[in-house]
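Residue numbers (my numbering), protein chains in the order written: chain A, 10 to 394; chain B, 7 to 266.
All residues carry an ideal CB built from backbone N, CA and C; glycine is no exception.
Below is one structure; the comments refer to it alone.
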Amino acid sequence: MAMTAIIEIRDLSYSYGDGTLALKDINISLEEGCKVALVGPNGAGKSTLMLMINGILRPTSGVVLFAGQPLQYDAASLRAVRRAVGMVFQNSDDQLFAPTVYQDVAFGPTNLGYPAEKVKRYVGFALQYVGLTGYERRPPHHLSGGEKKRVAIAGILAMEPQVMILDEPTSNLDPASSEEIMEMLDELNQGGKTMIISTHDVDLAYRWADEIILMKDGELVRRGCGPDVFMDGNLLREARLKPPLVVDIYQELASRGILSGSRPPRNILELCDLLQPEGRGRPLGKIYIWDVDGEDEVQVISMIDRMENCYKGAMGTGAKLLAERCGIHLDFTYGVIDKCILKALIGKDSLIMTSGGMVEHTMKRISDYSRESGADIEAVKIQRP
Amino acid sequence: MHNLLDDYALDNGLRDASPHLKLFLGLASMIICVSSSSPLAPLFVALTMSLATVLLAKIPGRIYSRLLLVPLSFALLSAAVVAFMHGGGTPLIQLPLLGLDLAVREEGAELALLLLARTFGGMCSLYFIALTTPMIEIFATLRSLCIPSSIIELSMMIYRYIFVFLDQAARIHSAQVMRLGDARARSAINSFAMLASVLFLRSWEQGERLVLAMDCRCYDGKLEMMEQAAKATGRQMLAAAAYLALASTIAVLSRDASLL
Numbered sequence: 010m011a012m013t014a015i016i017e018i019r020d021l022s023y024s025y026g027d028g029t030l031a032l033k034d035i036n037i038s039l040e041e042g043c044k045v046a047l048v049g050p051n052g053a054g055k056s057t058l059m060l061m062i063n064g065i066l067r068p069t070s071g072v073v074l075f076a077g078q079p080l081q082y083d084a085a086s087l088r089a090v091r092r093a094v095g096m097v098f099q100n101s102d103d104q105l106f107a108p109t110v111y112q113d114v115a116f117g118p119t120n121l122g123y124p125a126e127k128v129k130r131y132v133g134f135a136l137q138y139v140g141l142t143g144y145e146r147r148p149p150h151h152l153s154g155g156e157k158k159r160v161a162i163a164g165i166l167a168m169e170p171q172v173m174i175l176d177e178p179t180s181n182l183d184p185a186s187s188e189e190i191m192e193m194l195d196e197l198n199q200g201g202k203t204m205i206i207s208t209h210d211v212d213l214a215y216r217w218a219d220e221i222i223l224m225k226d227g228e229l230v231r232r233g234c235g236p237d238v239f240m241d242g243n244l245l246r247e248a249r250l251k252p253p254l255v256v257d258i259y260q261e262l263a264s265r266g267i268l269s270g271s272r273p274p275r276n277i278l279e280l281c282d283l284l285q286p287e288g289r290g291r292p293l294g295k296i297y298i299w300d301v302d303g304e305d306e307v308q309v310i311s312m313i314d315r316m317e318n319c320y321k322g323a324m325g326t327g328a329k330l331l332a333e334r335c336g337i338h339l340d341f342t343y344g345v346i347d348k349c350i351l352k353a354l355i356g357k358d359s360l361i362m363t364s365g366g367m368v369e370h371t372m373k374r375i376s377d378y379s380r381e382s383g384a385d386i387e388a389v390k391i392q393r394p
Numbered sequence: 007m008h009n010l011l012d013d014y015a016l017d018n019g020l021r022d023a024s025p026h027l028k029l030f031l032g033l034a035s036m037i038i039c040v041s042s043s044s045p046l047a048p049l050f051v052a053l054t055m056s057l058a059t060v061l062l063a064k065i066p067g068r069i070y071s072r073l074l075l076v077p078l079s080f081a082l083l084s085a086a087v088v089a090f091m092h093g094g095g096t097p098l099i100q101l102p103l104l105g106l107d108l109a110v111r112e113e114g115a116e117l118a119l120l121l122l123a124r125t126f127g128g129m130c131s132l133y134f135i136a137l138t139t140p141m142i143e144i145f146a147t148l149r150s151l152c153i154p155s156s157i158i159e160l161s162m163m164i165y166r167y168i169f170v171f172l173d174q175a176a177r178i179h180s181a182q183v184m185r186l187g188d189a190r191a192r193s194a195i196n197s198f199a200m201l202a203s204v205l206f207l208r209s210w211e212q213g214e215r216l217v218l219a220m221d222c223r224c225y226d227g228k229l230e231m232m233e234q235a236a237k238a239t240g241r242q243m244l245a246a247a248a249y250l251a252l253a254s255t256i257a258v259l260s261r262d263a264s265l266l
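Printed below as a string of structure tokens:
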């Protein structure tokens with residue numbers, strides 16, 4: 010299979026003005042559409058590396074290639090690269106500098122020279138995507154941390170990047186906000202965008218990323234899928250990290266002979282399956298999937314009333330907002346598919362409200378699970394009446 | 007959390023009224039106040055503007071009166087000085103003090119009263135603007151008045167970062183107070199100096215990060231302006247015109263009147 014590397018970093022080194030080496034001989038190539046987490050302790054060089062990718066910093070030696078072309082550092086080429094590689098800063102206050110949400114999101118499109126009408130359309134689209142329609146005239150200091158992060162993401166989305174880089178996207182956010190932000194990033198990734206995040210939250214990286222790049226003291230120490238990187242206790246200790254909780258539990262249970270298997274579970278669902286591989290005497294529950302795009306509130310409420318005994322979850326910003334408008338009590342707002350599979354395994358039905366074309370993704374995820382685990386969970390697509 | 011004028015400006019009963027009209031109304035009232043030669047018209051403006059701010063814009067009366075106390079106390083002090091220092095006419099109050107003849111005479115008293123009324127009326131008009139019109143709409147209005155865009159853009163960013171630095175200053179201050187940085191006058195002065203210098207350095211760094219953030223988003227010298235807010239309706243314009251006409255009539259008719 011021909012792999013297209015959207016970003017390639019070759020023999021890159023970088024030293025600060027005073028000669029301190031910040032990055033040493035980094036070699037990375039990232040495929041289009043991948044989901045990568047840069048993990049490492051403070052001062053490992055994650056942020057510096059990120060600033061290399063969109064040409065803010067220029068390597069002391071080595072090259073950065075975008076879509077096969079080495080980065081040029083003249084103004085016009087840099088603009089092209091920064092448009093294609095959007096960067097979301099760790100501190101939203103650094104990023105949101107305009108006095109209103111609208112102006113901030115419009116900043117990128119305006120500077121790309123779009124006509125006013127197009128700017129307006131793009132801003133409207135981006136704000137709708139992050140679920141902040143109606144916030145246009147608000148100043149950033151009247152937003153919560155999670156809302157600020159959404160505006161920052163909208164500001165990047167309005168420029169239609171191919172790659173999004175997010176520096177510590179969940180730092181300073183409450184757990185629900187950070188789950189929602191991560192799910193939004195998942196949704197964007199499903200839509201084809203390449204995602205790179207940096208974090209020192211190992212649980213988050215393990216659960217979310219397809220690929221982990223572990224950095225320490227400006228060097229790339231290990232690159233691989235989550236289980237490969239996070240099963241290596243010595244490596245983690247050296248990098249001042251700890252194993253993700255699921256991996257930790259798995260290792261302890263395995264050492265007591267309770268669990269076997271060569272691969273640690275990725276999440277709670279997989280852990281439960283390992284613990285109870287075939288003990289499913291009871292009948293399985295069903296999962297109903299409903300694309301609520303374009304549905305009105307009356308329809309939603311009447312449908313929800315009919316499905317009283319189901320657990321209810323919403324995926325995607327549109328679905329969550331609709332549920333909120335209808336006053337629906339949601340049991341799950343993040344990790345929805347896994348939670349619903351877990352409920353199905355104990356014989357409970359659940360309903361997933363989705364938006365933004367996530368139905369196919371959800372169906373596929375459930376059928377993949379059914380095939381791998383042998384538990385034939387029925388996923389029912391609700392058709393428009 | 008601080009409760010700033012800005013918070014009221016963003017959420018009040020007149021938030022959606024045309025900013026052009028609000029600015030015009032406030033400024034015109036101010037001009038009537040300073041050009042009136044009797045205290046009557048300014049007092050009328052003060053009363054009506056206060057009513058508009060409290061009743062129409064629904065700014066809590068307690069907050070509003072506390073806000074007014076600040077300029078009013080200054081005005082009272084200066085009016086007192088003017089009353090003693092100025093003019094002729096029959097003495098109203100006499101205070102012989104250490105051989106000095108301190109007296110408030112008729113002309114002085116009138117002038118002091120006028121000064122007080124003008125300040126009061128002017129402040130009420132200014133607060134009407136400040137409490138009902140958010141800065142962002144004032145920026146948009148400035149743009150439509152052909153103020154150079156570099157000035158407006160700079161002020162927009164200054165406005166945005168005021169809140170970031172206010173927050174930081176508050177946090178640094180609490181950190182100092184927690185470690186008794188304000189226990190004695192001397193240490194309080196020291197702490198303040200430290201706060202100022204740290205804040206300066208931080209704003210410098212923030213500036214550098216701002217440039218970075220703008221570069222990351224392809225900055226090319228353009229900053230989008232907010233769309234113009236609601237236009238004034240005919241009725242609103244008519245009401246404003248009638249109000250201003252009434253205030254000016256009072257000013258003209260009462261030009262020789264005196265409250266004393």
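Rounding to the nearest angstrom, what Cα-Cα distance links residue i and residue j in this structure?
{"i": "M96 of chain A", "j": "P286 of chain A", "result": "43 Å"}
{"i": "L244 of chain B", "j": "V345 of chain A", "result": "57 Å"}
{"i": "P170 of chain A", "j": "E279 of chain A", "result": "34 Å"}
{"i": "G213 of chain B", "j": "D83 of chain A", "result": "23 Å"}
{"i": "V230 of chain A", "j": "D27 of chain A", "result": "25 Å"}
{"i": "V48 of chain A", "j": "L250 of chain A", "result": "9 Å"}
{"i": "N276 of chain A", "j": "V255 of chain A", "result": "6 Å"}
{"i": "S49 of chain B", "j": "Y249 of chain B", "result": "Per the sequence shown, residue 49 of chain B should be read as Leu rather than Ser. Each residue's Cα considered, the two are about 14 Å apart."}
{"i": "M7 of chain B", "j": "D13 of chain B", "result": "Only weak support exists for where M7 of chain B lies, its pLDDT of 42 falling under 50; the value from the coordinates is given anyway. Whole-angstrom Cα-Cα distance: 11 Å."}
{"i": "L66 of chain A", "j": "M372 of chain A", "result": "42 Å"}
{"i": "F239 of chain A", "j": "G266 of chain A", "result": "20 Å"}
{"i": "A214 of chain A", "j": "R246 of chain A", "result": "17 Å"}
{"i": "M220 of chain B", "j": "A251 of chain B", "result": "48 Å"}
With a cut-off of 8 Å on the beta carbons, I'd call residue i and residue j a contact; round off their distance for me.
{"i": "I18 of chain A", "j": "I35 of chain A", "result": "5 Å"}
{"i": "E113 of chain B", "j": "G94 of chain B", "result": "6 Å"}
{"i": "M367 of chain A", "j": "M316 of chain A", "result": "Their Cβ separation, rounded to whole angstroms, is 19 Å, which puts M367 of chain A and M316 of chain A out of contact at 8 Å."}
{"i": "F116 of chain A", "j": "A93 of chain A", "result": "No, F116 of chain A and A93 of chain A are not in contact; Cβ-Cβ is about 17 Å, not under 8 Å."}
{"i": "S22 of chain A", "j": "P68 of chain A", "result": "7 Å"}
{"i": "M162 of chain B", "j": "L98 of chain B", "result": "In fact, because the Cβ distance is near 51 Å, the residues do not count as touching under 8 Å."}
{"i": "A167 of chain A", "j": "V132 of chain A", "result": "6 Å"}
{"i": "P252 of chain A", "j": "V211 of chain A", "result": "7 Å"}
{"i": "Q242 of chain B", "j": "R208 of chain B", "result": "44 Å between Cβ atoms; not a contact."}
Does the distance from the CB of residue i to the CB of residue j come in under 7 Å?
{"i": "A163 of chain A", "j": "V114 of chain A", "result": "yes"}
{"i": "A52 of chain B", "j": "G127 of chain B", "result": "yes"}
{"i": "N120 of chain A", "j": "C224 of chain B", "result": "yes"}
{"i": "S260 of chain B", "j": "L46 of chain B", "result": "yes"}
{"i": "E188 of chain A", "j": "Y343 of chain A", "result": "yes"}
{"i": "G227 of chain A", "j": "L32 of chain A", "result": "yes"}
{"i": "A238 of chain B", "j": "L27 of chain B", "result": "yes"}
{"i": "L182 of chain A", "j": "G201 of chain A", "result": "no"}
{"i": "I38 of chain B", "j": "A246 of chain B", "result": "no"}
{"i": "P66 of chain B", "j": "E143 of chain B", "result": "no"}
{"i": "A63 of chain B", "j": "L20 of chain B", "result": "yes"}
{"i": "F169 of chain B", "j": "I158 of chain B", "result": "no"}
{"i": "V309 of chain A", "j": "S364 of chain A", "result": "no"}
{"i": "A118 of chain B", "j": "A81 of chain B", "result": "no"}
From the DSSP output, read off the bridge partner residues of residue i.
{"i": "K225 of chain A", "result": "A:E228"}
{"i": "D300 of chain A", "result": "A:T363"}
{"i": "R261 of chain B", "result": "R261 of chain B pairs with nothing; no bridge assigned."}
{"i": "G322 of chain A", "result": "A:F341 and A:I361"}
{"i": "I16 of chain A", "result": "A:L39 and A:F75"}
{"i": "D113 of chain A", "result": "Its beta-bridge partners do not exist; DSSP assigns none."}
{"i": "Q100 of chain B", "result": "B:A109"}
{"i": "Y23 of chain A", "result": "A:L32"}
{"i": "W176 of chain A", "result": "Correcting the residue type first, residue 176 of chain A is Asp in the shown sequence and not Trp. Paired residues: A:S207."}
{"i": "L141 of chain A", "result": "Paired residue(s): none; L141 of chain A is not in a bridge."}
{"i": "L47 of chain A", "result": "A:S207 and A:I222"}
{"i": "V88 of chain B", "result": "Answer is none; V88 of chain B lacks a bridge partner."}
> In chain order, what residues of the segment 160-188 of chain B put their CB closer than 7 Å to some CB of chain A?
Replying inline: M162, M163, Y165, R166, F169 and V170
> Which of the residues in the segment 217-245 of chain B, read from start to end, lie with their CB under 9 Å from any CB of chain A?
Replying inline: L218, A219, M220, D221, C222, R223, C224, Y225, D226, G227, K228, L229, E230, M231, M232, E233 and A235
>> Taking beta-carbon pairs under 7 Å, can you tell me which members of the segment 81-107 of chain A lie near chain B?
In response: R88, R91, R92, M96, F98, D102, D103, Q104, F106 and A107
> At a Cβ cut of 7 Å, what residues of the segment 10-27 of chain B count as close to chain A, listed as they run along the chain?
Replying inline: L16
> Which residues, taken in chain order from the segment 135-158 of chain B, show a beta carbon closer than 8 Å to some beta carbon of chain A?
Replying inline: P140, M141, I142 and F145
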